[in-house]
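K.L.:
Per mature numbering (1 follows the signal peptide of the UniProt record, and there is no 0): the sequence shown = residues -24 to -1, 1 to 167. Glycine is no exception: its CB is placed at the ideal position from the N, C-alpha and C atoms. All of these numbers come straight from a predicted model, not from anything done at the bench.
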Amino acid sequence: MGLREMAFVFFLVAAAMAPASVEAEMEECAKPVSVSAACRGAADTHHGVDYDHCVRSLSVDPRSAEAAGGGIHGLAMLATRLAIDHAASTEAKLDDLAQLEPEEEEGARKRARFNHCLEQYGGAADLLRDALDNLQAKIYGKAMEQLMAALGASESCEDAWKGEKELPVAAHDREYGRMAHIAVGFTHAAA
């Protein structure tokens, strides 16, 4: 057998093996995972993920079964969608509360705080949408950067209300932060 024939045989063998390795890689990415297993892994590797909260939050969502069928990648996308939903609902709540503040000086100070929070959550929602796009494209590094940047919204909003007796949207704020951490944990595992 000459050099050309050997090269041709090598090419055929390589071509025959290539689709199998791509398929194996795709199968690994889409390997189904239970919500509890994914939450356990995220809680074990990320301090911001509470296992019980993670399982409870994802188990009640009707999309979780389909997402879990797509493996950790599917769950990372679902968690990011849930974080987007929480950012949007927090933003809407903040906007409603800002509208209720009177025009007097104290009301103006509170509206400024609400506006700061609105800006933070608007930016976070944009970052999360971009992260979701990158997750869909399996560009995990960029998605992680965007998810990490979006985490700061709740902390920055809380900082704006320091010195006040209560944070007007504390429950929304806390839930957003928890979902964003879950999205980070799942995306890290998917990468």
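Kindly confirm or deny that the stretch 145 to 156 and the stretch 21 to 40 touch, where touching means at least three C-beta pairs closer than 8 Å.
P.N.:
The stretch 145 to 156 vs the stretch 21 to 40: in contact.
K.L.:
Between the beta-carbon of Lys86 and the beta-carbon of Glu79, is there less than 9 Å?
P.N.:
No, they are not a contact pair.
K.L.:
Here's the rule I'm using: 16 or more other beta-carbon atoms within 10 Å means buried, otherwise exposed. How should Val36 be labelled?
P.N.:
The residue in question, Val36, is exposed, as its Cβ has fewer than 16 Cβ neighbours within 10 Å.
K.L.:
Considering Cα atoms alone, identify which of Ala167, Gly161, Ala126 and Thr163 is closest to residue 198.
P.N.:
In the structure as shown, the chain begins at -24 and stops at 167. Residue 198 is therefore absent and cannot be evaluated.
K.L.:
Can you list, in chain order, the residues of its chain with a C-beta nearer than 7 Å to that of Cys93? Leave out the 5 residues immediately preceding and following it.
P.N.:
The answer, listed in chain order, is Leu70, Cys133 and Ala136.
K.L.:
Which residue's Cα is closest to the Cα of Gln112: Tyr97, Ala55, Gly139 and Glu81?
P.N.:
For the residues Tyr97, Ala55, Gly139 and Glu81, the minimum Cα distance to Gln112 belongs to Ala55.
K.L.:
Starting from Glu67, follow the alpha helix (DSSP H) in both directions and report where the run begins and ends.
P.N.:
Gly47 to Leu76 is the extent of the alpha helix (DSSP H) around Glu67.
K.L.:
Using C-beta distances below 7 Å, list every residue in its chain close to Ala52, excluding the 5 sequence neighbours before and after it, in chain order.
P.N.:
Excluding positions up to five away in sequence, the list reads Leu111, Ala159, Phe162, Thr163 and Ala166.
K.L.:
Going by DSSP, what residue range makes up the alpha helix (DSSP H) through Glu79?
P.N.:
Note, Glu79: premise wrong, no alpha helix (DSSP H); not H, not E.
K.L.:
Where does Lys138 sit, in a helix, a strand or coil, going by DSSP?
P.N.:
Lys138: coil per DSSP, three-state reduction.
K.L.:
Taking only the alpha-carbon atoms, compute the straight-line gap between Tyr152 and Val145 and give it to the nearest angstrom.
P.N.:
Cα-Cα distance, rounded: 11 Å.
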